[in-house]
Amino acid sequence: MLVSSKSEVFSSRWGMLLAMLGMAVGTGNIWRFPRIAASNGGGSFLVAWVVFLLAWSVPLLILEFGMGKATRSGSIGSFVKILGPGFAWMGAWIAFVATAIMFYYSVVMGWTIRFFVGTITGDIPTPGAAPDAFWESFHSTPGAIVTHAVAMGLALFVVSKGVKGIETAAKVLIPSLIVLVLVLAIRALTMPGASEGLAFLFTPELSELTNY
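Every position in the sequence shown, counted from 1, becomes a number in my numbering once 24 is added.
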């Protein structure tokens with residue numbers, strides 16, 4: 025007896041776009057970018073970042089999405105269907121790199137959970153306290169392992185639901201992220217020294233570009 029199988033698909037274009045946005049916009053774009061930009065010349069770094077973004081990252085992202093849409097396969101299957109079986113290792117390498125990145129992101133997600141709970145319970149130090157006191161009391165304790173396990177459990181639960189689970193999570197988490205970023209941006213713009221910070225970020229020193 026023949027058993028027909030149907031691949032899972034997103035229920036809406038909006039859900040698919042949010043899921044892709046969640047994958048493309050990494051934690052580093054929000055968490056690490058301000059620090060890296062500040063320590064590498066501000067506006068000068070921003071110029072170099074935009075150039076490489078448009079010349080390298082965006083084309084690769086478009087290529088990745090295009091291959092997936094054309095073949096309706098994962099990374100390994102996409103390379104096999106387009107380039108042949110001899111290039112399956114390229115897809116396997118991409119899958120490994122993506123998995124390895126998740127090793128790191130799951131740890132950061134665990135930290136985020138602890139800081140979120142600390143914010144609700146009032147454990148986060150007040151502005152007058154040592155800024156690293158909370159971190160030092162957490163990162164090398166069993167609590168860090170617990171929050172990491174919670175993060176992994178949440179991720180496994182979402183993935184176990186297949187495309188529907190990923191789409192549902194994206195529809196909740198990505199708009200929430202956008203709202204939080206807007207709130208943080210408004211808060212930052214109302215703090216003392218905001219105008220100087222904006223000038224530093226958006227005023228490139230062309231002489232600094234030779235240092236990259």
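From the three backbone atoms N, C-alpha and C, an ideal C-beta is built for every residue, glycine too.
Val-187 places its beta carbon less than 8 Å from that of Phe-34.
Counting along the chain, no alpha helix (DSSP H) covers Val-33, and no H or E run does either. Three or more beta-carbon pairs separated by less than 8 Å are not found between the region 110-118 and the region 31-45, which leaves the two stretches without contact. Sequence-distant Cβ neighbours of Thr-171 in its own chain, meaning closer than 6 Å and more than five residues away, are Gly-134, Ile-137 and Arg-138. DSSP, read as helix, strand or coil, puts Phe-69 in helix.
Look at the beta carbons and you see the region 47-57 not touching the region 214-221: under three pairs across the two are nearer than 8 Å.
For the pair of segments examined, the region 112-121 was found to touch the region 97-104: the number of CB pairs separated by less than 8 Å reaches three. Inter-residue distance for Pro-58 and Glu-232 is about 18 Å (C-alpha atoms, whole angstroms). Inter-residue distance for Ala-168 and Val-131 is about 8 Å (C-alpha atoms, whole angstroms). Ala-62 and Thr-227 have their C-alpha atoms roughly 12 Å apart. Straight-line spacing of the CA atoms in Asn-53 and Lys-105 works out to 33 Å.
Gly-142 places its beta carbon less than 8 Å from that of Phe-158.
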